[in-house]
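Reviewing the structure listed below.
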Amino acid sequence: MRLGVALSKALARMHLWYPAAVVLAQTQLRDLDSHSIRRLSYVLMLSHRMKPGSVHALFRRIVEDNRERSPELTLGLAEMATRIEEPTLADDFLDDAEKNATASGDAFVADAAHRLRKLSVALQDGSLQTHIRDEANTITASSDGSPTVLVPLSGGYLSLFDLWIQQVRKHIGSRIVVLAMDDVALQVTKTYDNIHIVDCRSFFAWNEGKLHPKTRGVLWLVRTLYLRALVAAGHSVMVLDLDAIPVGDVLPLLASLPDADVIAQLDHSIPMDVDRALGFVLCCGFMLWRPTVAAQALLDRFAAAAQVERDDQLALNHLLVADGIVEKTNGANAMRFGSAGVQFACPDPSLVSRTLHTGSVVRHFHQQGQTIDELRKALGV
Numbered sequence: 146m147r148l149g150v151a152l153s154k155a156l157a158r159m160h161l162w163y164p165a166a167v168v169l170a171q172t173q174l175r176d177l178d179s180h181s182i183r184r185l186s187y188v189l190m191l192s193h194r195m196k197p198g199s200v201h202a203l204f205r206r207i208v209e210d211n212r213e214r215s216p217e218l219t220l221g222l223a224e225m226a227t228r229i230e231e232p233t234l235a236d237d238f239l240d241d242a243e244k245n246a247t248a249s250g251d252a253f254v255a256d257a258a259h260r261l262r263k264l265s266v267a268l269q270d271g272s273l274q275t276h277i278r279d280e281a282n283t284i285t286a287s288s289d290g291s292p293t294v295l296v297p298l299s300g301g302y303l304s305l306f307d308l309w310i311q312q313v314r315k316h317i318g319s320r321i322v323v324l325a326m327d328d329v330a331l332q333v334t335k336t337y338d339n340i341h342i343v344d345c346r347s348f349f350a351w352n353e354g355k356l357h358p359k360t361r362g363v364l365w366l367v368r369t370l371y372l373r374a375l376v377a378a379g380h381s382v383m384v385l386d387l388d389a390i391p392v393g394d395v396l397p398l399l400a401s402l403p404d405a406d407v408i409a410q411l412d413h414s415i416p417m418d419v420d421r422a423l424g425f426v427l428c429c430g431f432m433l434w435r436p437t438v439a440a441q442a443l444l445d446r447f448a449a450a451a452q453v454e455r456d457d458q459l460a461l462n463h464l465l466v467a468d469g470i471v472e473k474t475n476g477a478n479a480m481r482f483g484s485a486g487v488q489f490a491c492p493d494p495s496l497v498s499r500t501l502h503t504g505s506v507v508r509h510f511h512q513q514g515q516t517i518d519e520l521r522k523a524l525g526v
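According to this note's numbering, the sequence shown is numbered sequentially starting from 146.
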């Protein structure tokens, strides 16, 4: 088994997606660790785009070889079915996972399966998209030209949110839309003035403060759907993670890139296959989308891809690879390029960084156990 896992990893690094899937499929799912199961899901998705018939046949074999499986593994099969664009089969797996998890007393898995099934129905009949569009149309864009800032929030990040919103209001503006993921986030955000709160609790399964991993990807899909709806309603929208803290005025940076439909942070993280292909990836934790025709057309495709991939950063960057990039240039303050008629700009890392201690406008960092006071000191705020 270890040899197969190592071989699949090596094949994936060479972008040999279908062979990587075939190798992993030789091992029962119950004998694979969670990382290997996620890799199998990923390589099935990417190989499906080149060899759909072969991938569907391979997936049928995987299902047949794993008849005896836990409800948790059935959720994994549902994700794989979604990623190879078999939503009806995914729904069958979700129904099966909910039924068997309920019978075995696993309420957490049963709840996750139930919520994912409801989401699937709402996506397929269009009711979710309609609801989000209608809500976006009730949100008024700022009158001073500052962007609407979109952020998800759960109860475990309230102290960071307090720092984040202080800096957003100081350096960006006051139009903020919060996607509240749990009861605590919903209640606490009501104590802040001038926040539009979206109740997203129905999408997420929680158990003692822990989010079920199969509903985590729903966050990125829902965020993308709200992003699309707000841009369609005429907003310039900034997607800004809680760990992306403004330390300098953001509006002059945005104004210096007037021809960009999309401004996004330059990164070298996931998806690594895109980083290897393009030499960079776009980070979805710092993005500005302007309400241009080109941006809206891309957002329609972006939202559709996020439904399949269940990760906005994977979906957006895979679209870049599929469409190709042209006219890439490196200027004094940003890298620029075009893709499918959309003009992109990526601020220089000296302005928008991936570290805690550098970046003159925004610092987008990984919190590593620091207290809020320690973060404030490091950020100088």
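Just so it is clear, CB atoms sit at the ideal spot from N, CA and C, and this is done for glycine as well. Treat the numbers as computed from the prediction; the structure is a model and nothing was measured.
How is the alpha helix (DSSP H) around residue 461 delimited, first residue to last?
Where residue 461 is concerned, the enclosing alpha helix (DSSP H) stretches over 457-468.
Leaving out five residues on either side along the sequence, give the residues of the same chain with a beta carbon under 6 angstroms from the beta carbon of residue 341.
Hits under 6 angstroms: 284 and 322.
Of all the options 392, 239, 240 and 457, which has the alpha carbon lying nearest to the alpha carbon of residue 314?
Taking only the C-alpha atoms, the option nearest residue 314 is 392.
Name the DSSP bridge partner or partners of residue 391?
DSSP lists 507 as partners of residue 391.
Could you work out which residue in 300, 359, 335 and 312 is closest to residue 353 when comparing CA atoms only?
A check of alpha carbon separations from residue 353 across 300, 359, 335 and 312 identifies 300 as the nearest.
Which of the three DSSP states, helix, strand or coil, is assigned to residue 492?
In the three-state reduction of the DSSP assignment, residue 492 falls in the strand class, which pools E and B.
So, is residue 312 buried or exposed, given that buried needs 16 or more other C-beta atoms within 10 angstroms?
Counting C-beta atoms within 10 angstroms of its own C-beta, residue 312 has 16 or more neighbours from the protein chains shown and is therefore classed as buried.
Hey, residue 348 and residue 367: beta-carbon distance below 7 angstroms or not?
Yes; because the gap between Cβ atoms is below 7 angstroms, this pair is in contact.
Would residue 243 pass as a contact of residue 267 if the rule is Cβ separation under 7 angstroms?
No, the Cβ-Cβ distance between residue 243 and residue 267 is not below 7 angstroms.
Contact check, residue 406 vs residue 487 under 8 angstroms by CB: the rounded distance?
With 8 angstroms as the limit, residue 406 and residue 487 qualify as a contact, their Cβ atoms being about 5 angstroms apart.
Check whether the Cβ atoms of residue 382 and residue 398 lie closer than 7 angstroms to each other.
For the pair residue 382 and residue 398, the CB atoms are not nearer than the 7 angstroms cut-off.
Which partner residues does residue 321 have in the DSSP bridge list?
Paired residue(s): 294 and 340.
Check the C-beta distance from residue 168 over to residue 156 and give it rounded, since I have them as a contact under 8 angstroms.
Between residue 156 and residue 168 the Cβ distance is about 7 angstroms, and since that is below 8 angstroms, they are a contact.
Please state whether DSSP places residue 181 in a helix, a strand or coil.
In this structure, residue 181 counts as helix in the three-state DSSP scheme.
Boundaries (first-last residue) of the beta strand (DSSP E) holding residue 484:
Counting along the chain, the beta strand (DSSP E) containing residue 484 begins and ends at 479-484.
Please say whether residue 479 and residue 491 have beta carbons closer to each other than 7 angstroms?
Between residue 491 and residue 479, the C-beta spacing is below 7 angstroms.
Are the C-beta atoms of residue 464 and some chain C residue less than 7 angstroms apart?
Chain labels in this structure do not include chain C; a single protein chain is all it has.
Relative to the ligand HEM, is the shortest distance from any of its heavy atoms to the C-beta of residue 195 smaller than 6 angstroms?
In the structure on display, the ligand HEM does not appear, and there are no ligands present to speak of.
Beta-carbon contacts of residue 174 that lie in its chain and below 7 angstroms, excluding the five residues immediately before and after
Cβ neighbours of residue 174 beyond the five flanking positions: 182, 211, 214, 218 and 221.
Proximity to residue 462 [Cα-Cα], best of 281, 441 and 414:
In terms of Cα proximity to residue 462, the closest of 281, 441 and 414 is 414.
Find the nearest neighbour of residue 378 within the set 469, 293 and 489, judged by alpha-carbon distance.
Here the closest residue by C-alpha is 293.
With a threshold of 6 angstroms on Cβ separation, who are the neighbours of residue 386 within its own chain once the five nearest residues in sequence on each side are excluded?
Correct list, in chain order: 430.
So does the region 503-519 actually touch the region 302-309, counting three or more Cβ pairs closer than 8 angstroms?
Result yes; three or more Cβ-Cβ pairs closer than 8 angstroms.
If you count every other CB in all the chains shown that lies within 10 Å of the CB of residue 160, and 16 or more means buried, which is it?
By the neighbour-count rule (16 or more Cβ atoms within 10 Å), residue 160 is not buried but exposed.
Please give the ranges of any beta strand (DSSP E) in the region 229-294, keeping only runs that are unbroken, at least 3 residues long and fully inside the region.
Secondary structure in the region 229-294: no beta strand (DSSP E) run of 3 residues or longer lies completely within the stretch.
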